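So the sequence shown is residues -22 to -1, 1 to 393, counted in mature numbering (1 follows the signal peptide of the UniProt record, and there is no 0).
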Amino acid sequence: MKKIALGLSSLAISVAAATAHAGEVEVLHWWTSGGEAKSINVLKELMTEQGHTWKDFAVAGGGGESAMTVLKSRAIAGNPPAAAQIKGPTIQEWGDLGFLTNLDAVAKQGQWDVVLPQVVSDVMKYDGHYVAAPVNVHRVNWLWANPEIFKKAGASIPSTWDQFFEAADKIKAAGFTPLAHGGQAWQDATLFEAIALAKGSQFYTAAFVGLDDATLRGADMIDVFKTFKKTRDYVDPGFSGRDWNIATSMVINGDAAMQIMGDWAKGEFTAAGKKAGIDYVCYAAPGTSGQFTFNIDSLAMFQVDDESAQGAQQDLAKLMLEPTFQETFNLNKGSIPARLNMPRDKFDTCAHASMDAFLASSTTGDLVPSMAHGMAVSSMVQGAIYDVVTNFYNSESMTAEEAVDRLARAVKASM
């Protein structure tokens, strides 16, 4: 039974009423790295200019696992924040539990159904009503590279996984770490899904959206696990527990040649004063040119009792879709705006490539939700996949054949 309070007559607050009372809005998020913190500060400043008070509730951890643990404890205690960074199917889970509030009045005034691509607007709705506001669209399947290291090693930027290993051997022989990686479950899953995507969008969708048992157990999945494990030979010994932005800094500082990571990594290059195409280069992850695994950052709005807080909450949603914020936030974050038809002149070549790939892939069936970043499956299924993937990556004895069996069993048990 749908429990969310979505009656427009009782809960929807007009924007005019929202701006009439200054209020406090508590925001739970995990935007804590340099580029991310700079991005969210823009929204804080805009809310302050509106007369509202922003109460920051930042929980470190790039994958959001720690933040979700905190959110659950707050919600169970009857004291959820006004807004929280949640996304994908998790929005539906919170909607089912009856915690989210209605944003249809703000969405109607801002013409969200017009300015947002349908793939974005659909994710922001529960039971046909807006309950969350998007800040961006991330492309996850990126390879970031330091061209100077490639030059010194006499290697070429890889466009296939076979080429990746050829280049990695040369880079390793030249005394550099080929692949910057952090040993956290969500980072392992990010690398794993990029390798799976190289098997084709149909394979990826069958495995991580359809959760097809035959696909999860098939020969292609065994090959994905083998390739995934092979990358372990090109990661430095100190990778365990490393945060993603520390891995990015290895590429920035010339200690490592490559990183497979979403375009939030570009925010770190930008914060370090690096220029795309000069100090670093961006390419689709090996074998995934023309494909786009998407991750949409959003703030879902939770039911709060205080009327001034409700007004601040609605203003927050409104500001998030304003063109000025969309541009400034995404220039800092490394992502692309959620809004359609935004001016491109301030965005760099990597962002232009992402915008082009987003539009093109939406017409070819190559625009797919990121499993690793909570866009494709429930949190239970995602957690089951995480466990198998990261245990395999760190095991010295588990075979790829054993891994696919465990994967299929774990997915089935979590559905």
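We put the CB at the ideal spot given by N, CA and C, even for glycine. This structure is a prediction, so every number in the text was calculated from the model and none was measured.
Reducing DSSP to helix, strand and coil, say where residue i ends up.
{"i": "M236", "result": "strand"}
{"i": "H281", "result": "Note that residue 281 is Gln in the sequence shown, not His. DSSP places Q281 in coil when its eight states are reduced to three."}
{"i": "K204", "result": "helix"}
{"i": "H159", "result": "coil"}
{"i": "V213", "result": "strand"}
{"i": "H330", "result": "helix"}
{"i": "T302", "result": "helix"}
{"i": "A15", "result": "helix"}
{"i": "F272", "result": "strand"}
{"i": "V(-8)", "result": "Below a pLDDT of 50, predicted positions are generally treated as unreliable, and V(-8), at 40, falls in that range; the measurement from the model is reported next regardless. In this structure, V(-8) counts as helix in the three-state DSSP scheme."}
{"i": "L(-17)", "result": "For L(-17), the predicted model reports a pLDDT of 46, less than 50, meaning its position is unreliable and no value from the coordinates is stated."}
{"i": "I314", "result": "strand"}
{"i": "A254", "result": "strand"}
{"i": "S286", "result": "helix"}
{"i": "V259", "result": "strand"}
{"i": "L6", "result": "strand"}
{"i": "S218", "result": "strand"}
{"i": "D241", "result": "coil"}
{"i": "I224", "result": "helix"}
{"i": "N231", "result": "coil"}
{"i": "D190", "result": "coil"}
{"i": "residue 394", "result": "Absent from the model: residue 394. The displayed extent of the chain is -22 to 393, so no value can be given."}
{"i": "M199", "result": "helix"}
Use the C-beta contact count for residue i: other C-beta atoms within 10 angstroms, 16 or more gives buried, fewer gives exposed.
{"i": "S44", "result": "exposed"}
{"i": "S373", "result": "exposed"}
{"i": "K177", "result": "buried"}
{"i": "G255", "result": "exposed"}
{"i": "A391", "result": "exposed"}
{"i": "K129", "result": "exposed"}
{"i": "H330", "result": "exposed"}
{"i": "I54", "result": "exposed"}
{"i": "S179", "result": "buried"}
{"i": "K311", "result": "buried"}
{"i": "N124", "result": "buried"}
{"i": "P59", "result": "buried"}
{"i": "E276", "result": "According to the sequence displayed, residue 276 carries Ser and not Glu. Buried, since its Cβ has 16 or more Cβ neighbours within 10 Å."}
{"i": "V382", "result": "buried"}
{"i": "L21", "result": "buried"}
{"i": "N231", "result": "exposed"}
{"i": "N80", "result": "buried"}
{"i": "L169", "result": "buried"}
{"i": "Q89", "result": "exposed"}
{"i": "G268", "result": "exposed"}
{"i": "D323", "result": "exposed"}
{"i": "E27", "result": "exposed"}
Can you grab the Cα-Cα spacing for the pair residue i / residue j, in whole Å?
{"i": "D82", "j": "A36", "result": "27 Å"}
{"i": "R384", "j": "G219", "result": "24 Å"}
{"i": "K16", "j": "A378", "result": "41 Å"}
{"i": "F203", "j": "W242", "result": "25 Å"}
{"i": "S356", "j": "P347", "result": "12 Å"}
{"i": "I274", "j": "E14", "result": "14 Å"}
{"i": "A295", "j": "M376", "result": "47 Å"}
{"i": "A388", "j": "P136", "result": "33 Å"}
{"i": "A145", "j": "G132", "result": "8 Å"}
{"i": "W122", "j": "V229", "result": "8 Å"}
{"i": "A263", "j": "E305", "result": "25 Å"}
{"i": "W164", "j": "E2", "result": "32 Å"}
{"i": "K207", "j": "W139", "result": "12 Å"}
{"i": "T209", "j": "F143", "result": "8 Å"}
{"i": "K253", "j": "C328", "result": "10 Å"}
{"i": "P67", "j": "D100", "result": "11 Å"}
{"i": "V359", "j": "M393", "result": "6 Å"}
{"i": "I224", "j": "A287", "result": "36 Å"}
{"i": "residue 394", "j": "Q141", "result": "Nothing can be reported for residue 394, as the shown portion of the chain is limited to -22 through 393."}
{"i": "Y108", "j": "F154", "result": "48 Å"}
{"i": "K103", "j": "I69", "result": "8 Å"}
{"i": "M333", "j": "D365", "result": "33 Å"}
{"i": "G76", "j": "L297", "result": "25 Å"}
{"i": "R117", "j": "L337", "result": "12 Å"}
{"i": "G289", "j": "Q87", "result": "15 Å"}
{"i": "F325", "j": "A249", "result": "15 Å"}
{"i": "N114", "j": "M199", "result": "31 Å"}
{"i": "T302", "j": "L78", "result": "26 Å"}
{"i": "G161", "j": "H351", "result": "16 Å"}
Beta carbon of residue i: closer than 7 Å to some heavy atom of the ligand NAP?
{"i": "A15", "result": "In terms of ligand content, the structure shown is empty, and the ligand NAP therefore cannot be addressed."}
>> What ranges does the beta strand (DSSP E) occupy inside the region 96 to 129, keeping only unbroken runs of at least 3 residues that lie completely in it?
In response: 110 to 112 and 120 to 123
> Quick check: the region 89 to 96 against the region 226 to 237, are there 3 or more CB pairs under 8 Å?
Replying inline: no
> Does the pairing of the region 334 to 347 with the region 146 to 163 give three or more beta-carbon distances under 8 Å?
Replying inline: no
>> For the pair the region 281 to 293 and the region 209 to 219, tell me if three or more CB-CB distances fall below 8 Å.
In response: no
>> Could you check whether the region 184 to 198 touches the region 56 to 65, counting it as contact only if at least three pairs of C-beta atoms, one from each stretch, sit closer than 8 Å?
In response: Result no; under three Cβ-Cβ pairs closer than 8 Å.
> Fully enclosed by the region 23 to 111, which alpha helix (DSSP H) runs are 4 residues long or longer?
Replying inline: Counting only runs of 4 or more, we get 43 to 54, 67 to 74, 82 to 88, 90 to 93 and 96 to 101.
> Curious, which full-length alpha helix (DSSP H) runs of at least 4 residues does the region 317 to 390 contain?
Replying inline: Counting only runs of 4 or more, we get 327 to 339 and 357 to 371.
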